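Residue numbers (my numbering), protein chains in the order written: chain D, 1 to 779; chain X, 780 to 958. Yeah, the Cβ is synthetic: ideal placement off N, Cα and C, and Gly gets one too. Since we're looking at a predicted model, the values are computed, not measured.
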Amino acid sequence: MSARDTHGIGAPWGTFRHVGRPARKIDGLDKATGHAVYADDITLPGMLHAKTLRSTQAHARVRSVDASAALALAGVHAVVTGRDLPTTYGVLPWTQDETALAVDKVRFIGDPVAAVAAVDEDTANAALKLIRVEYEPLHAFFDPFESAVRHEPAIHEGRQDGNVSKHVNLAFGDVDAALAAADVVVEGDYFFHGTTHAAIEPHCAVARYAPDGLLTVWSATQITHYVHKALARVLGLPPHRIRVIQPHIGGAFGGKSDPFSLEFLVAKLAMVTRRPVKMLYTREEVFYTHRGRHPMHMRYRTGASSDGRLAGVDAKILIDGGAYSSFGLVTTYYSGQLLTAPYAFPAYRFDSTRVFTNKPPCGPKRGHGAVQPRFAFEVQLDQLAERLRIDPIELRRRNFIGANTTTVNGQRITSNGFLACLDRVERASGWRDRRGHLPFGRGLGVAGSMYISGTNYPVYPNDMPQAGIQIKIDRSGVVTAFTGGNDIGQGSSSVVQYLVAEELGLGLDQVRVVAADTDLCPVDLGAYSSRVTFMVGNATIDACRKLREPIVAAVAAAWGVASSLVRLAHGFAEHVDDAARRMPMAEAFALTETRWETLGATGSYNTPALGGQYRGGAIGASPAYSFTAHVVEVSVDAETGRITCAKAWIAHDCGRALNPMLVAGQMEGSAYMGLAEALLEEHAVNRFGIHRGPSLLDYRIPTSVDTPELHALIVESLDPEGPYGAKEAGEGPLHPAIPALANAVFDAVGVRLTHLPFTPGKVLTALREAGAASSGGAR
Amino acid sequence: MLLKVNGDTHDVGAPDHWTLLEVLRYRLGFTGTKQGCDKGDCGACTVLMDGQPVLACLVLARLAEGHEIVTIEGLAPRHTAAGGDGVDPVQDGFDRCGALQCGFCQSGMILSARALLDRNPAPSDSEVRDALSGNLCRCTGYTQIIEAVRLTVAEQSGTRPPLRAWEHPPEKGSDPIST
């Protein structure tokens, strides 16, 4: 990290004029009026439509693919199969185990096998039916416990460890001794089911291969840069002959982070046909494409002293990865590495194994890898509180790890507003008067969490900036920022706009943002791991500070005053002590250009060196961590087993809320998504590998009437390294929702739910068992 | 077929099985109407037909003949034609309340909200939730959408909407680190 990477927490010109206010979004009106262009809104002259033929087998060798009849169909322009695109890819350089189309094997029902480009979708669909695929079925794995011990047939051949995708075993301190010495130990098994992103926009990509050999791909991706790299690799093109553009994107949540089959297919088909090609997934294909939350089977032991102080945590986790690696290496580390705050414990061990199964591949979903362990652990904290007769919020307070400290696994914690988060939800929910005192069937539960604001480890190791931005100044007074950061609806382009306006003293209407176009924007690692506000924000300030100096100096020279007497504010360069003395920014820009040269600047950000000194110690290391606490209120119908979540209070330490309205939107959206994972949603296949309900009717994402009252309570800890003190807000606020709900169910009806999702059947079973236990105890 | 969309009559040809959604998007270029599922589950393709919200993916284009269709692109022009300023107040409210994250569901959501306010200018919160329950949103958790409708209603009646949770200052003593 260098001087360019931190900028202090204060306002650049004394007081904030944009930051901290609920400003409009830079693209809000475009979206509200239907003018924002998404991938499927793009139509190019002569454009063909492509469709994918998908595997009907969960695990099989592909003997042959005969596309001759499809090619002969009128209106079909090209068919490609696995042999046309044999190069492997994968988002992580160590696990490149995917191909755009099956080369010799299919690994789940839905795996792409062939693709057709035709004059329209109807013709392409008709052609798919004419392709003959001969399969040789293999034993299919649907149970991760089987994959863990049975190595043959290997889902991915040529690996050392059979069907194990990744194994991580890390220990810090003497866990066995700590647990043996603890006054109380709770132990239990927990299960987190699979869930998926279900962004409302299906994946879509469009490609054009220009006569001069330049390939342009428009894709609904949240990481333009990685798609660019993967296209070059798979297509065998030099990277400088490829341009990737992310148009407006209709939701992502991690589900558009990997490079996807369709991006390679439209590119290849455009190169073959010399015509633009579009592919739009159906909703069913989106469900099979998946990359959602990994199912995890977890066993936890947590020990504490009689006064509630945590002594040690021991975790063993089996992770069901589905058919490919995706981000799974990172998921496996995150399942352990991100548990070590906001509470301190002196001994910790986790043993996580990710295995392959013949199911849709899992990947990163909002809160990547850490949501499942957080559920298990926060339920155990509630069990400890119960055993020790300590209020659950008080127990969490007692174990607060503090600010400016280091976790047991070597992660650096800087700002930490977790105590304030607990205070906010405790007061807002009326916890002290209500928890434990509501009538049977109603209850409150609490949970806490932490999450990263980006990591210091780019997915391909290099020492170049992780975030880059370029700023162009126009004599009309408008400033344009070119950022590689992907705005996926979270508002990252808006954040860039607010920061540029703040730094250069402009109105919001004087700042435009061009984002996520690899030809126009410097490399940025994209929208994942909650990195954008922190890293792109710091790069933006870095670039603006380089511009401020010459502008202020030019104005000061023109006025014959010291530079310290000139400030940029309200669209003017003005005299600090004499408000009447000022000039419009356009004039100041012209003055600066006259004195020196054309105005412009670049800005960058890199993390400091972080992480523990052990293999994997950098995974989960972040320049700043956000903290969250939830209190959730439920009612449980003991006759039907139905849980209704009435209210949720979400307190989140986002460092500084650059726009509190956008922060609140992230908090509410996170909580809603988490609560739905607990109660409504399940992504699973049946015993043949067929998805149980690949539609938005069967996969039940909540409607407006299913969603509880959500109260977003913002806590600002002002992080020393964040842009004006900001940290992430997009993923952290999801984590506590699920355990807080489970803990609320315990307060309501006295049963511990440990296996997600919390269906009425599970509630009734738990109530029946509890009833039998208590009546048995009475005998 | 002759389709009347946003006040203009279009003479348009399309295969018999094409839905109104396909004709709007791929023949007439009204791409503000979104496709999220193509089977009537998500509501992203909601348009107004004679003032009522309908799912364009479930209406055969041919059956829309003789009806007045309004898409999201038609809302602001309709508002200005009626003497209004700028965009429809519902659109403005969504923008001012942060209700537009990815924006993909919001064309349908805004049209459902518009239809509600046209028939009930002062709906309760539960009436708003009911009216929007056919439009799935994956970003917002609906809170800021409800707030946007609430703001629109309040401004029409010259009142102030209630403060949002995050607008309340922290209670005294509860927030030691905040500045």
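| Quick one: which chain X residues come within Cβ less than 8 Å of Ile714/D? | Those within 8 Å of Ile714/D in chain X are Trp945.
| said: Looking at the secondary structure, which residues open and close the beta strand (DSSP E) in which Tyr840/D lies? | reply: Since the displayed chain D opens at 1 and closes at 779, residue 840/D lies outside it and no answer follows.
| said: Quick test of your reading: Phe418/D and Phe627/D, contact by CB under 8 Å. State the CB separation rounded to the nearest angstrom. | reply: About 4 Å separates the beta carbons of Phe418/D and Phe627/D, which is inside the 8 Å limit, making them a contact pair.
| Gly213/D classed as buried or exposed, judged by whether at least 16 other C-beta atoms fall within 10 angstroms | It is exposed - the Cβ of Gly213/D has fewer than 16 other Cβ atoms within 10 Å.
| task | Please specify which runs of the beta strand (DSSP E), each continuous and at least 3 residues long, are wholly inside the segment 240–311 of chain D, giving them in chain order. | result | If we require 3 residues or more, the beta strand (DSSP E) runs fully inside the segment 240–311 of chain D come out as 242–245, 277–280 and 296–304.
| said: Could you tell me the alpha carbon to alpha carbon distance between Phe809/X and Ile848/X, rounded to whole angstroms? | reply: Rounded to whole angstroms, the gap between the alpha carbons of Phe809/X and Ile848/X is 11 Å.
| query | Any beta-carbon of chain X closer than 9 Å to the one on Gln497/D? | reply | Chain X, which has no Cβ nearer than 9 Å to the Cβ of Gln497/D, makes this no.
| request: Return the CA-CA distance between Gly777/D and Gly771/D, expressed in angstroms with no decimal places. | output: Note that Gly777/D scores a pLDDT of 45, beneath 50, so its modelled location is shaky and nothing firm can be said.
| task | Starting from Asp817/X, find everything on chain D with Cβ-Cβ shorter than 8 Å and list it in chain order. | result | Identification of chain D residues near Asp817/X by a Cβ-Cβ cut-off of 8 Å yields Thr282 and Arg283, ordered along the chain.
| query | Any Cβ of chain X within less than 9 Å of the Cβ of Phe260/D? | reply | So, not an interface residue.
| task | Indicate whether at least one CB of chain C lies closer than 9 Å to the CB of Asp787/X. | result | The question asks about chain C, but that chain is absent: this structure's protein chains are D and X.
| query | Which of helix, strand or coil does DSSP assign to Tyr605/D? | reply | In the three-state reduction of the DSSP assignment, Tyr605/D falls in the strand class, which pools E and B.
| query | Do Tyr324/D and Gly526/D have their C-beta atoms closer together than 9 Å? | reply | Their beta carbons are not under 9 Å apart, which means Tyr324/D does not touch Gly526/D by this criterion.
| query | Would you say Ser903/X reaches chain D, if we count a Cβ-Cβ gap shorter than 9 Å as a contact? | reply | No, Ser903/X does not count as interfacial toward chain D.
| said: Quick check on Gln96/D: does DSSP put it in helix, strand or coil? | reply: Gln96/D falls in the coil class under three-state DSSP.
| field | Interface residues of the segment 694–711 of chain D facing chain X [CB-CB below 7 Å] | value | Cβ contacts with chain X come from Ser695, Leu696, Leu697, Ile701, Thr703, Ser704, Val705, Thr707, Leu710 and His711.
| field | Cβ shell of Thr850/X (< 7 Å), same chain only, five flanking positions each side left out | value | Val784, Asn785, Leu803, Phe809, Gly811, Thr812 and Val826.
| message | Considering Cα atoms alone, identify which of Asp578/D, Asp423/D, Pro760/D and Gly732/D is closest to Thr640/D. | response | Nearest C-alpha to Thr640/D: Pro760/D.
| request: My understanding is that Ala198/D touches Leu696/D, with C-beta atoms under 8 Å, so please give their C-beta distance in whole angstroms. | output: Yes, they are in contact, since the Cβ atoms of Ala198/D and Leu696/D sit about 7 Å apart, within 8 Å.
| message | When you compare the CB positions of Pro360/D and Thr405/D, do they come within less than 9 Å of one another, or not? | response | Going by C-beta atoms, Pro360/D is not nearer than 9 Å to Thr405/D.
| request: Could you please give me the residues that DSSP links to Asp30/D through a beta bridge? | output: DSSP lists no partner for Asp30/D.
| message | At 4 residues or longer, what runs of the alpha helix (DSSP H) sit wholly inside the segment 858–891 of chain X? | response | Within the segment 858–891 of chain X, the complete alpha helix (DSSP H) runs of at least 4 residues are 868–875.
| said: In the DSSP output, what is Gly448/D paired with across the bridge? | reply: The partner list for Gly448/D (beta bridge, DSSP) reads Ala629/D.
| Going along chain D, which residues have a C-beta under 9 Å from Arg875/X? | Annotation: Cβ neighbours of Arg875/X in chain D (cutoff 9 Å, chain order): Pro22, Arg24, Gly28 and Met661.
| query | Residue range of the beta strand (DSSP E) that Trp649/D falls in? | reply | Residue range Ile643 to Asp653 is occupied by the beta strand (DSSP E) that includes Trp649/D.
| query | How about Thr810/X: is its C-beta nearer than 9 Å to some C-beta of chain D? | reply | Among the residues facing chain D, Thr810/X is included, as its CB has a counterpart in that chain under 9 Å away.
| request: Below 7 Å CB to CB, which residues in the same chain sit around Gln466/D once its five sequence neighbours on both sides are set aside? | output: Closer than 7 Å at the Cβ level, and outside the excluded window around Gln466/D, lie Pro458, Leu525, Met535, Tyr605, Asn606 and Thr607.
| Contact under 9 Å by Cβ, Val663/D with Trp649/D | Judged by beta-carbon spacing, Trp649/D lies beyond the 9 Å limit of Val663/D, meaning their Cβ atoms are not closer than that value.
| I think Thr302/D touches Val164/D, with their Cβ atoms under 8 Å apart; what is that distance to the nearest whole Å? | Not a contact, Cβ separation roughly 26 Å.
| said: Please report the straight-line C-alpha distance between Tyr672/D and Ala539/D, rounded to a whole angstrom. | reply: Tyr672/D and Ala539/D: Cα-Cα distance of roughly 31 Å.
| said: Let me see if you follow: with CB-CB separation under 9 Å, is Lys783/X close to chain D or not? | reply: Closer than 9 Å: no.
| Does Glu934/X get closer than 9 Å to chain D when you measure Cβ to Cβ? | Answer no: the Cβ-Cβ gap between Glu934/X and chain D never drops below 9 Å.
| message | According to DSSP, is Leu520/D part of a helix, a strand, or is it coil? | response | Here Leu520/D sits in coil by DSSP.
| request: Take Gly732/D and list the residues in its own chain whose beta-carbon comes closer than 6 Å to its own, dropping the five residues that flank it on each side. | output: Non-local beta-carbon contacts of Gly732/D in its own chain, meaning distances under 6 Å to residues more than five positions away in sequence, involve Tyr451, Ser626 and Thr628 in chain order.
| message | Check this for me: beta carbons of Ser306/D and Leu381/D, under 9 Å apart or not? | response | No.
| field | Neighbouring residues, chain D, relative to Cys821/X (Cβ below 7 Å) | value | Chain-ordered, the chain D residues with CB closer than 7 Å to the CB of Cys821/X read Ile200 and Leu696.
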